[in-house]
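Visitor: Once you've had a glance at the structure underneath, I'll fire off some questions.
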Amino acid sequence: EVQLVESGGGLVQPGRSLKLSCAASGFTFSNYYMAWVRQAPKKGLEWVATISTSGSRTYYPDSVKGRFTISRDNAKSSLYLQMNSLKSEDTATYYCARHGLGARYFDYWGQGVMVTVSS
Amino acid sequence: DIQMTQSPASLSASLEEIVTITCQASQDIGNWLAWYQQKPGKSPQLLIYDATSLADGVPSRFSGSRSGTQYSLKISRLQVEDIGSYYCQQAHSNRTFGGGTKLELK
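Those protein sequence lines, which keep their order, are chains Y and S.
Per my numbering, residue 1 is the first one in the first sequence, and the count goes up by one each step.
Per my numbering, residue 1001 is the first one in the second sequence, and the count goes up by one each step.
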């Protein structure tokens, strides 16, 4: 059974940093692109970052480019999201997701972790 | 950037009713489109990919279609377990979601 378990969320002040983790199990982690998707309270979904199988290629939307860094450790079957210079608009539930089906879609999702950016 | 305009934003329907949700892409994305369902308090779940292909385990009352740059999700006979929010997502260039449709029971 595919499982994705996020951790590391919490309350952080604007301008500070936070690092999220995602522990994967139930599949060969190193064979899949992985991603982070977020959802602000009562709002829709927003793709945040994608990383290739080896970690050599990363992709971001303009809203987080230069502030967020996605990384992975295939030996530990773990995915990470380093978030710097956090803003109030980064407040959201962050989901770890597996990029299945040719790395185009998100076929498995974690339960999500809440990040609140507030003074 | 590719924009996905989803409609309606909210929808109230009766059990057994046919429900249709649409997404309009701002440019040609071919068949690179998915639909997700998000039940209240839960994570999203993949329903449809490549515009018309049903994901594993998804009931056959769900179907997807395409007409040019307009994409539709159809629920043929609404069930109580279908209540929640629905999102489209384009996979042609980066990844963009539609604004969502909140489906409620009438």
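Each residue gets a CB set at the ideal place from its N, CA and C atoms; glycine is no exception.
Decide if the segment 1028–1044 of chain S is in contact with the segment 1081–1097 of chain S; the criterion is three or more beta carbon pairs, one per stretch, under 8 angstroms apart.
Guide: yes
Visitor: In angstroms with no decimal places, state the Cα-to-Cα distance between Y/THR79 and Y/THR50.
Guide: It should be pointed out that residue 79 of chain Y corresponds to Leu in this sequence rather than to Thr. Answer to the nearest angstrom: the Cα atoms are 10 angstroms apart.
Visitor: Using a Cβ-Cβ cut-off of less than 9 angstroms, list which residues of the segment 39–51 of chain Y approach chain S; keep chain order.
Guide: GLN39, LYS43, GLY44, LEU45, GLU46, TRP47, THR50
Visitor: Beta-carbon within less than 6 angstroms of Y/ARG67's beta-carbon, same chain only, minus the 5 sequence neighbours each way: which residues are those?
Guide: Result list for Y/ARG67: ASN84, SER85, in chain order.
Visitor: Taking beta-carbon pairs under 7 angstroms, can you tell me which members of the segment 85–119 of chain Y lie near chain S?
Guide: TYR95, LEU101, ARG104, TYR105, PHE106, ASP107, TRP109, GLY110, GLN111, GLY112
Visitor: Under 6 angstroms Cβ to Cβ from Y/SER25, same chain only, skipping five residues before and after it: list those, please.
Guide: For Y/SER25, where only same-chain residues beyond five positions count, the Cβ hits under 6 angstroms are GLN3.
Visitor: To which residues of the same chain is S/SER1085 closer than 6 angstroms at the C-beta, ignoring the five residues directly before and after it?
Guide: GLN1038, GLY1100, LYS1102
Visitor: Relative to the C-alpha of S/VAL1080, which residue among S/ALA1009, S/ARG1061, S/ASP1056, S/ASP1028 is closest?
Guide: S/ARG1061
Visitor: Note the first and the last residue of the continuous beta strand (DSSP E) segment covering S/TRP1032.
Guide: Taken as a continuous stretch (DSSP letters only), S/TRP1032 belongs to no beta strand (DSSP E), as it is neither H nor E.
Visitor: Per DSSP, what kind of secondary structure is Y/PHE27 in: helix, strand or coil?
Guide: coil
Visitor: Taking 8 angstroms as the cut-off, does the segment 4–19 of chain Y touch the segment 96–114 of chain Y (at least 3 CB pairs, one atom from each stretch)?
Guide: yes
Visitor: Among S/GLY1068, S/GLY1057, S/LEU1015, S/LYS1042, which residue has its Cα nearest to the Cα of S/ALA1051?
Guide: S/GLY1068
Visitor: So, with DSSP's three-state summary, where would you put S/ALA1013?
Guide: DSSP places S/ALA1013 in strand when its eight states are reduced to three.
Visitor: When the Cα atoms are used, what is the spatial distance from Y/GLY9 to S/TYR1049?
Guide: 30 angstroms
Visitor: Straight-line CA distance for Y/LEU81 to S/LYS1042?
Guide: 21 angstroms
Visitor: Given that Y/TYR59 touches chain S, what residues does it touch there, using C-beta distances under 8 angstroms?
Guide: ASN1094
Visitor: On the criterion of 16 or more Cβ atoms from any shown chain inside 10 Å, does S/GLN1027 qualify as buried, or is it exposed?
Guide: S/GLN1027 should be labelled exposed.
Visitor: Could you say which of Y/THR91, Y/SER30, Y/ALA75 lies nearest to Y/VAL64 if we only look at CA atoms?
Guide: Y/THR91
Visitor: Looking only at DSSP bridge pairs, what is S/GLY1084 linked to?
Guide: Beta-bridge pairing links S/GLY1084 to S/LEU1103.
Visitor: So is S/LEU1011 in contact with chain Y if we call contact Cβ pairs under 9 angstroms?
Guide: no
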